[in-house]
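Enquirer: The structure is given below, and queries will be raised subsequently.
Protein chains: 2
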Amino acid sequence: MRRKTPSAPTIHDVAKKAGVSISTVSRVITRNVPVSDEVAARVEAAMKELKYVPRAAARNLATRRTKTIGLLLSEIQGDFFAPLLAGIESVTDEHGYDLLISTAGRRGPHDELPPSLGNHNTDGLLVFAGALTGDGIAHGHSLGLPLVLIHQSPPAGLGIPCVTIENKAATHHLVAHLIEVHHRQRIVLLRGLPHNEDAYWREMGYREALTTRGLPLDPALVAPGDFSRQVARKSITQLLSDGVAFDAVFAGDDEAAIGTLAALRDAGKRVPEEVAVVGFDDQRLAAVLTPPLTTVHAPTEEVGARAARKLIRLIRTGEAEALTLLPSQLVIRQSCGCPG
Amino acid sequence: MRRKTPSAPTIHDVAKKAGVSISTVSRVITRNVPVSDEVAARVEAAMKELKYVPRAAARNLATRRTKTIGLLLSEIQGDFFAPLLAGIESVTDEHGYDLLISTAGRRGPHDELPPSLGNHNTDGLLVFAGALTGDGIAHGHSLGLPLVLIHQSPPAGLGIPCVTIENKAATHHLVAHLIEVHHRQRIVLLRGLPHNEDAYWREMGYREALTTRGLPLDPALVAPGDFSRQVARKSITQLLSDGVAFDAVFAGDDEAAIGTLAALRDAGKRVPEEVAVVGFDDQRLAAVLTPPLTTVHAPTEEVGARAARKLIRLIRTGEAEALTLLPSQLVIRQSCGCPG
DNA sequence: CTGTTAGCGCCTTCAT
DNA sequence: ATGAAGGCGCTAACAG
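Those protein sequences? They're chains R and Y, same order as listed. By the count of the numbering used here, the first sequence reaches residue 426 at its end, each step adding exactly one. By the count of the numbering used here, the second sequence reaches residue 426 at its end, each step adding exactly one.
Shown next as structure tokens:
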């Protein structure tokens, strides 16, 4: 049934079978130039019969465009990643772009683009926070590669577009809720990762909420959280054994909130009666925790979609607005002390 | 500072600047053929200075290989997806392959390959369950494209390799645990999606566990679960209001277990005292539920890694073993009735 | 070890 | 509306 690997049909095979020139075949493929209906039909029949598929490499080479977008990630992990990718994929798909994925790997942020995503192998790049250093970003930019940053602002001076979420105001509201509604006074802050911008702004929101309410910024209440269950758990356990008094915890993100809940449970502290706990992100887990977690909803899928849309515009028109800041929304559940 | 878009440097520019021929440059790029150290150094300096990046399209065209693997998904969603992709990415990365991602979209399984992943735009394809119909798979196969199926077996007759997990025996053990250790007699089965092979084998495991223990297969205890929270919740609520008596639920997967837990909570039933609940998959959520969910751990990351490794071998050698069946492991927590 | 020369498969003016 | 011919940037024999 099977011949001897008849090495995939080319445009020439189609042309011959349809009795036309290759340029005509090319025209019915690209649909850029009018072709008589009759001829078009013949060509299409030939393509179908031969199971012809245009070879991307050849088109790319001739066109000097790849019709693919690269996504550079720091790592594939957590609840964060799926919605982000879903958002991106929906718009790249809609616009006929392919999606090439690559991770920085465990070595941390990279100083250069990975070769595969380098210039001309991709029409543009989506760069997620932590995947590239400032130098790495500058490198890509200097190559003339269209770039859009996600959850990370560009190195000073480079006008690279960026899309991220509102962290500070949302955190401020969240902490203010703890203070005003639940009368908490000693609120622990679990810090996020060192160079993470989200972490930075959340901390700013926390401080602002306290100071504007006349509460002291007690350094004893600040501990590492690193956006991870383990670190958060350790921090809270430590605080407890150090005898630090507190009646609430802003964990930095939902993962850290889970660690916090675990530490508190271990210590026999009741949540939210004795200690209120709040997170950030509103991951899929948040609603099913016990008690259900009060947190801030981060519109991650929307971030992905916006970033992709922006990159495509940048590729097509050469410009895109510098910053897209998506609003985040308070999600009140029960871990703050609100009734179910 | 910036010239007039000096249209990216090519291999010729590098050759000229290094004072060698383009073949020499090509050789230092591919490293297939020995080149004198001195010359190599000169060439590399030139490449660096020019910020030269080889154009993938040109290489692909000349080589007739793309060095990229396609991943065809039904949808990007859930806890399932991140570990799967992480597993795949780690091995494609290790072997120098790029990863092109595409989803079937909401229209359900497709009868043909998406053009971008079609022949010659990819060296091979990883196809996840539900992304392609049998015809779609056959189509890809007839094109001579190396294919590896994930969580789905090939259409009869086609020797397409596949990697999936052990469902039946694991479910059997899980249900047997309910029967023998916790003395449950009336165990609800929440069915999975209709054409899902995992769902099929899990149901077989459930039946086998009951029949080998002399328990009746009461049709009243079987209801739709669809691997989703909502459907599961509705099913359980319905069962309850119908007055069907049961003392345990095998939810089909962890998502459905969450829905089950919610329905039971709404009805004031205590878990696991009155009703034991078990899931399947051991998602990230499982351990933080209340009570912590007894389930079966599905080695999803490993599945991804194995599939990718198998595809690469298939691409390189033309063959790969037909079936990889990864073992799944019982994870006993508290929702079955075991002590914390 | 290095240079020369064909293509790889398709798009795109340029004529017709 | 269609055909002819050059070129996209690189690799891979083939000579030397």
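Note that the Cβ used here is the ideal one computed from N, Cα and C, for glycine as well.
Could you check where the alpha helix (DSSP H) with V125/R kicks off and where it finishes?
Expert: Residues 123-136.
Enquirer: So the alpha helix (DSSP H) P169/R belongs to, where does it begin and stop?
Expert: 164-180 is the span of the alpha helix (DSSP H), which, as asked, contains P169/R.
Enquirer: If you count every other CB in all the chains shown that lies within 10 Å of the CB of K134/R, and 16 or more means buried, which is it?
Expert: Answer is exposed; the Cβ neighbour count stays below 16.
Enquirer: Using a C-beta cutoff of 7 Å, does L371/R count as contacting chain Y?
Expert: yes
Enquirer: Could you give the DSSP three-state label for V274/Y: helix, strand or coil?
Expert: DSSP places V274/Y in strand when its eight states are reduced to three.
Enquirer: How would you list, in chain order, the residues of chain R whose beta-carbon sits under 7 Å from the beta-carbon of F167/Y?
Expert: A168
Enquirer: Taking 7 Å as the limit between beta carbons, can you name the residues of its chain near I108/Y, skipping five residues before and five after?
Expert: I97, H98, A101
Enquirer: Is the CB of E175/Y under 7 Å away from at least one CB in chain R?
Expert: yes
Enquirer: State yes or no: is the beta carbon of G291/R nearer than 7 Å to at least one beta carbon in chain Y?
Expert: no
Enquirer: Examine the Cβ distances between the stretch 355-373 of chain R and the stretch 179-191 of chain R and report whether three or more of them are shorter than 8 Å.
Expert: no
Enquirer: Among G354/Y, G404/Y, E359/Y, S122/Y, whose alpha-carbon lies nearest the alpha-carbon of P232/Y?
Expert: The shortest C-alpha separation from P232/Y is found at G404/Y.
Enquirer: For the 8 Å Cβ check, are there 3 or more pairs between the stretch 335-345 of chain Y and the stretch 376-383 of chain Y?
Expert: yes
Enquirer: Just reading off the beta strand (DSSP E) that S188/Y is part of, what are its end residues?
Expert: 184-189
Enquirer: Taking Cβ to Cβ, would you say T406/R is nearer than 7 Å to L400/R?
Expert: Per the sequence shown, the amino acid found at residue 406/R is Ala instead of Thr. In this structure, L400/R lies closer than 7 Å to A406/R by Cβ.
Enquirer: Less than 7 Å between the beta carbons of V417/Y and F336/Y, yes or no?
Expert: At a Cβ-Cβ threshold of 7 Å, V417/Y and F336/Y do not count as neighbours.
Enquirer: Excluding the five sequence neighbours on either side, which residues of its own chain have a C-beta within less than 8 Å of the C-beta of R299/R, listed in chain order?
Expert: Take R299/R, set aside five residues on each side of it, and the residues of its chain with a beta-carbon closer than 8 Å to its own are A262, I265, E266, in chain order.
Enquirer: Residues of chain Y with a CB under 9 Å from the CB of G204/R: which are they?
Expert: V139, P140, A142
Enquirer: Starting from I401/Y, trace the alpha helix (DSSP H) in both directions and tell me its first and last residue.
Expert: 386-403
Enquirer: Please decide whether A172/R counts as near chain Y, where near means a Cβ-Cβ distance under 7 Å.
Expert: Output row for A172/R: interface = yes.
Enquirer: Looking at the structure shown, is G156/R part of a helix, part of a strand, or coil, going by DSSP?
Expert: Strand.
Enquirer: Just to confirm the assignment, what range does the beta strand (DSSP E) spanning V111/R have?
Expert: First-last for V111/R: 108-116, but that is the alpha helix (DSSP H), not the beta strand (DSSP E).
Enquirer: Less than 7 Å between the C-beta atoms of A334/R and R270/R, yes or no?
Expert: yes
Enquirer: Could you have a look at P195/R and say whether DSSP puts it in helix, strand or coil?
Expert: coil
Enquirer: Compare the C-beta of Q420/R with all C-beta atoms of chain Y and state if any pair is closer than 7 Å.
Expert: no
Enquirer: Which residue's Cα is closest to the Cα of A373/R: S421/Y, L158/Y, G345/Y, L157/Y?
Expert: G345/Y
Enquirer: Compute the Euclidean distance between the alpha carbons of K254/Y and M290/Y, then round it to the nearest angstrom.
Expert: When rounded, the distance between both Cα atoms is 6 Å.
Enquirer: Checking contacts by CB at 7 Å: is K103/Y closer than that to chain R?
Expert: no
Enquirer: Would you check if the distance between the CB atom of P247/Y and the CB atom of I223/Y is smaller than 7 Å?
Expert: no
Enquirer: Determine the direct distance from the alpha carbon of L375/Y to that of L375/R, and round the result to whole angstroms.
Expert: 6 Å
Enquirer: Using 8 Å as the threshold, is the stretch 385-400 of chain Y in touch with the stretch 159-169 of chain Y, meaning 3 or more CB pairs across them?
Expert: Contact between the stretch 385-400 of chain Y and the stretch 159-169 of chain Y is present, because at least three Cβ pairs lie under 8 Å.
Enquirer: Is it the case that the Cβ atoms of L371/Y and V361/Y are separated by a distance below 7 Å?
Expert: no
Enquirer: Taking the beta strand (DSSP E) that T410/R belongs to, which residues open and close that run?
Expert: T410/R: member of the beta strand (DSSP E) spanning 409-412, first to last residue.
Enquirer: With DSSP run on the structure shown, which of helix, strand or coil describes A101/Y?
Expert: In the structure shown, A101/Y sits in a helix (DSSP, three-state: H, G or I).
Enquirer: If we require 3 or more residues per run, which beta strand (DSSP E) segments fall completely within the stretch 294-355 of chain Y?
Expert: 308-310, 334-336
Enquirer: Which residues mark the beginning and the end of the beta strand (DSSP E) in which L212/Y is found?
Expert: 210-214
Enquirer: Would you please verify whether the beta carbon of V374/R is less than 7 Å from any beta carbon of chain Y?
Expert: yes
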